[in-house]
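Visitor:
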Amino acid sequence: MFYSTKTSIYVVWLLSFLFLFSSSSYADLAQKDIIPEGIVGSVCVIRHDDKIVMLSEVITQKLSLPGGYIDPGNTAEEAAVREALEETGLVVSIDKLLQYRGRAAIYSCVADTPILVSSQIDHRNYTVVASWFAEHFGKEVKRVYLIDPDQVNSDEYRYPDDTKLLAKWIKNTPNSEVTVYSDLSDKVNALHRFELTLMNDFQQWVKSQSNTVKSIFDVTMTVVNLPGEAYFLLFVAMVVIAFYGPMALLQLFVMLISVIFISSLLKHGIASPRPFYIVPELQQTNAYGFSFPSGHTLIATVLWGMLWCFVREKNGVAKRPKYISLFSLFIVLMIIGQAVARVWYGVHYMSDTIASIILGLAIVMLWRKWRHSKEVPLKHSIASKWFWLGATIFIGVIASVTQLPDHVYLFTALLAIFLSIEFVPKYSLTLSVFNRCVTALITLIGITVISYFVSSLAHSSTVSLIVVAINSIGSFVAVGWTVIVPSLLYEKLANKACSLKAEFD
Numbered sequence: 001m002f003y004s005t006k007t008s009i010y011v012v013w014l015l016s017f018l019f020l021f022s023s024s025s026y027a028d029l030a031q032k033d034i035i036p037e038g039i040v041g042s043v044c045v046i047r048h049d050d051k052i053v054m055l056s057e058v059i060t061q062k063l064s065l066p067g068g069y070i071d072p073g074n075t076a077e078e079a080a081v082r083e084a085l086e087e088t089g090l091v092v093s094i095d096k097l098l099q100y101r102g103r104a105a106i107y108s109c110v111a112d113t114p115i116l117v118s119s120q121i122d123h124r125n126y127t128v129v130a131s132w133f134a135e136h137f138g139k140e141v142k143r144v145y146l147i148d149p150d151q152v153n154s155d156e157y158r159y160p161d162d163t164k165l166l167a168k169w170i171k172n173t174p175n176s177e178v179t180v181y182s183d184l185s186d187k188v189n190a191l192h193r194f195e196l197t198l199m200n201d202f203q204q205w206v207k208s209q210s211n212t213v214k215s216i217f218d219v220t221m222t223v224v225n226l227p228g229e230a231y232f233l234l235f236v237a238m239v240v241i242a243f244y245g246p247m248a249l250l251q252l253f254v255m256l257i258s259v260i261f262i263s264s265l266l267k268h269g270i271a272s273p274r275p276f277y278i279v280p281e282l283q284q285t286n287a288y289g290f291s292f293p294s295g296h297t298l299i300a301t302v303l304w305g306m307l308w309c310f311v312r313e314k315n316g317v318a319k320r321p322k323y324i325s326l327f328s329l330f331i332v333l334m335i336i337g338q339a340v341a342r343v344w345y346g347v348h349y350m351s352d353t354i355a356s357i358i359l360g361l362a363i364v365m366l367w368r369k370w371r372h373s374k375e376v377p378l379k380h381s382i383a384s385k386w387f388w389l390g391a392t393i394f395i396g397v398i399a400s401v402t403q404l405p406d407h408v409y410l411f412t413a414l415l416a417i418f419l420s421i422e423f424v425p426k427y428s429l430t431l432s433v434f435n436r437c438v439t440a441l442i443t444l445i446g447i448t449v450i451s452y453f454v455s456s457l458a459h460s461s462t463v464s465l466i467v468v469a470i471n472s473i474g475s476f477v478a479v480g481w482t483v484i485v486p487s488l489l490y491e492k493l494a495n496k497a498c499s500l501k502a503e504f505d
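The opening residue of the sequence shown carries number 1 in UniProt numbering; numbering runs sequentially from there.
1. Count Cβ pairs between the region 129-137 and the region 72-89 that sit closer than 8 angstroms; are there 3 or more?
2. In three-state terms, what does DSSP make of I115?
3. For S131, which residues of its own chain have a beta-carbon under 6 angstroms away from its beta-carbon, when the five flanking residues on both sides are left out?
4. How long is the line joining the alpha carbons of M199 and L493, rounded to whole angstroms?
5. Assuming W304 and S328 form a contact by the criterion Cβ under 8 angstroms, report the distance between their Cβ atoms to the nearest whole angstrom.
6. So F418 packs on K379, CB below 8 angstroms; how close in whole Å?
7. Could you tell me the alpha carbon to alpha carbon distance between I46 and A79, rounded to whole angstroms?
8. Could you check what DSSP says for K62 in three-state terms: helix, strand or coil?
9. Give me the residue from V463, G41, T220 and F434 with the minimum Cα distance to G102.
10. Do you know whose CA, among N286, A458, S451 and V438, lies nearest N125's CA?
11. Taking I147 as part of the alpha helix (DSSP H), name the residues at either end of that continuous run.
12. Starting from the C-beta of S487, find all residues in its chain whose C-beta is less than 7 angstroms away, skip the five residues before and the five after it, and write them out in chain order.
13. Any idea what DSSP makes of L488, helix, strand or coil?
14. So, are the CB atoms of A478 and V467 less than 7 angstroms apart?
15. When burial is assigned at 16 or more other CB atoms within 10 Å of the CB, is L191 buried or exposed?
16. Per DSSP, what kind of secondary structure is T430 in: helix, strand or coil?
17. Taking C-beta to C-beta, are A248 and V239 nearer than 7 angstroms?
18. Per the DSSP calculation, I121 is bridged to which residue(s)?
19. Does DSSP put T179 in a helix, in a strand, or in coil?
20. Tell me C44's beta-bridge partners as DSSP assigns them.
21. Considering only C-alpha positions, which residue in the set V485, D122 and E229 is nearest to S420?
22. Give me whichever residues DSSP pairs with L55 in a beta bridge.
23. Taking the C-alpha atoms as reference points, what is the distance between Q283 and I331?
24. Check the C-beta distance from L256 over to L233 and give it rounded, since I have them as a contact under 8 angstroms.
25. In the DSSP assignment, the beta strand (DSSP E) including V92 goes from what residue to what residue?
26. Between S475 and A413, what straight-line distance do the alpha-carbon atoms span, to the nearest angstrom?
27. Report all residues from its chain with a CB closer than 7 angstroms to the CB of Q31; omit the five preceding and five following residues, and keep chain order.
28. On the criterion of 16 or more Cβ atoms from any shown chain inside 10 Å, does S263 qualify as buried, or is it exposed?
29. Between the alpha carbons of S185 and S118, how many angstroms are there, rounded?
30. Take every Cβ of the region 289-296, pair it with every Cβ of the region 259-277, and state whether three or more of those distances are shorter than 8 angstroms.
31. For F137, which three-state DSSP category applies?
32. Just to confirm the assignment, what range does the alpha helix (DSSP H) spanning K168 have?
33. Go through the region 222-285 residue by residue and report every complete run of the alpha helix (DSSP H) that reaches 4 residues or more, in order.
34. Determine the DSSP secondary structure at Y69, reduced to helix, strand or coil.
35. Taking only three categories from DSSP, how would you classify Y157?
36. Measure the alpha-carbon distance for L98 versus I106 and round it to whole angstroms.
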C-alpha cells in the first residue's frame, strides 16, 4: 500500500515532535535525578501560611531549616525527608526541587499530617511546634518553630546569606495544615496527668494572690533557683578557691561533673517531655531538653548537702546542737524551695524533683563515705593523675557512643584536669584572706575572657563540628586555667609570705 506525499509529511512531523518531546522529558528527568557535583546536603522547606518551620540548634545556638547530609545510598530527596523527621518529628513528602544553594539541595516539602502547634509563644515570640518526640530533640535540636521569615535577623540564622531567599522559597512551597493545641495530657501517663492538674491548680492559686504576695513569691523562687544556674556554680567555684584552695576545688569538680553526667544520661535515656510541652500555659520560664531528672534540683541537693556535711563536721552536733538544728532546717527549706521553683516554672513534674532529691541525697552519702574511707580516701584519689585519666577515658568512651555535645565538653574538661593535676599543691598552704581573694579574682577574670573569645569564635562558624571543636577547646582551656592558675598563685604567694616572715624573724 502506498502513502501520499501529504501523509508522509504528517508522519515526519509527528515523529519529530515525539522525538523532541521525549528528549526534553528525558533531559528534565536527568536533571532531577542527577545531583550536581559538590552537593552533600538536603534541606526541607515546610510552610504554613506566611510562616516556615525552623529549628533552634543546640550546638550553633542559631536558627536553621530542617536538613542534613546525604548518606551513602540515599538520594537527596530521601535525605531531606529523613532529616525533617529526625529533627522536627514531621513526616513530610517532597513537592519539588526549589534550587541548589551552596552545597545543598533545597526542596519544598509538605507535612503528611497537620503540624502540632502550641497555643503559646515562647520567650523569643516565636510559635512553638511540638517536637519532643523527634530523634534529635535535645541532642541537636533545642526547639522547633513556625516563624515569619521577615522576623528572622541574619545574625541569628545559621546561613545569613540565605535569609533573603526564605520568602522566595515559601512562595514556591505548598501549604501544610496545622493543629493548634493547648493540652496534650492524653499523650502522657496517669501519674503525669495527675501532676499536671496539681501544677495548674498551684499556678492559678499563686496568680490569684495580691501583687505584693506575687512579687515576694517571684523573688523567693528566683533566689532558691540559683544553685542550678551556671553563673552561681562559677561563683561557688570562686568561693572554694578563695577559702579552701585548689584541692577543695577538685572535690567540687568531681561532684559537679558526676552530677551533670548522671543527669544528662538519665535525661536522654528516659526522654520525658517537660510539663509545658504538654500544657503550654504552664510555662513560666525558658527551658529546653527533657524533664527527668531535674538537673537544678539534683545540683542544689548535692551542693546544699555538701555544705551541711562541712558545717556539721566542723562544729559538731554535741557542741552546738541548736545551731546545727537551725542550719539543717535552712538546708532542707532551700532544697525543697528549689524543687518547688522548678514545678512553679512548669519545667518539671513533682515526681521529677522528688526523685532528684533522693538521687542527690544518695550521691552526698556516697561522697561523705568516700571522704572518710580508710582504704581509698577522696583526697588521695583526686590527687592521683591515674584517677583523672580513668575518669577521662570512661567519659570519652561514653561520649563516643552518645555523641552528645555535653559529654564531649565533659571529656575535654576531665582531660584538662588530668594534664594539670601535677600543678596542684598536695600540702596545706597558708595565705592571707586578701591573697586568696586576689587569686579567685584573677581566676574569674581569666575564665570571663576565655568564655568571651570562645563564644565569639563559635558564633562566627556555621559548621556544627567546628563549633563543637571550638567549645571543646574552650572547655579544656577554661578548666585548665581554673586548676593551674590558683595552684601556681597559691604556691607563689605562700612562698612569698614565708620569705617575708623569715626576714622579719
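Cβ atoms here follow ideal geometry from the backbone N, Cα and C, with glycine treated the same way.
Guide: On the basis of the coordinates in this document:
1. yes
2. strand
3. T88, G89, F137 and V144
4. 53 angstroms
5. Not really, about 10 angstroms apart at Cβ, beyond 8 angstroms.
6. Contact doesn't hold; Cβ gap of about 17 angstroms is too wide.
7. 15 angstroms
8. coil
9. G41
10. N286
11. Looking at the DSSP string, I147 is not in any alpha helix (DSSP H); the run it does join, the beta strand (DSSP E), is V141 to I147.
12. P246, F423, V424 and P425
13. helix
14. no
15. exposed
16. coil
17. no
18. T127
19. strand
20. Y107
21. V485
22. S64 and V144
23. 27 angstroms
24. 7 angstroms
25. V92 to R101
26. 6 angstroms
27. With a pLDDT of only 40 at Q31, under 50, the local geometry of the prediction cannot be trusted, and no value is derived from it.
28. buried
29. 13 angstroms
30. yes
31. strand
32. L166 to K171
33. 230-243, 246-270 and 275-278
34. strand
35. strand
36. 5 angstroms
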